[in-house]
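Sequence positions in the sequence shown follow the working numbering and run 4 to 55.
Using N, Cα and C, we set each Cβ at its ideal position, and we do this for glycine too.
Treat the numbers as computed from the prediction; the structure is a model and nothing was measured.
Below you'll find the structure, written out as structure tokens, and then a few comments.
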Amino acid sequence: VYENHHALQYAGKSLKADREFMLAAVKQNGWALQFASEELQQDEELKKIQEG
């Protein structure tokens, strides 16, 4: 994820909906949020991390 956030497009739905997994991914690369579940894309903490 650090080098290529597009790798997340191949992750299963359960990983994309896993808040802890996506939190770690977004901390490594903010662009990872685009591959999170719709619910997590609205998560305020994740959005703040993405924005830096």
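- Following the DSSP letters along the chain, one finds Q12 in no alpha helix (DSSP H), marked with neither H nor E.
- Burial is judged here by how many other beta carbons sit within 10 angstroms of a residue's own beta carbon; K16 has fewer than 16 and is exposed.
- In this structure L36 touches L49 by the C-beta definition: roughly 6 Å separates them, less than 8 Å.
- Using a Cβ distance threshold of 7 Å, K19 and I52 do not count as a contacting pair.
- R22 and L43 have their C-alpha atoms some 7 Å from each other.
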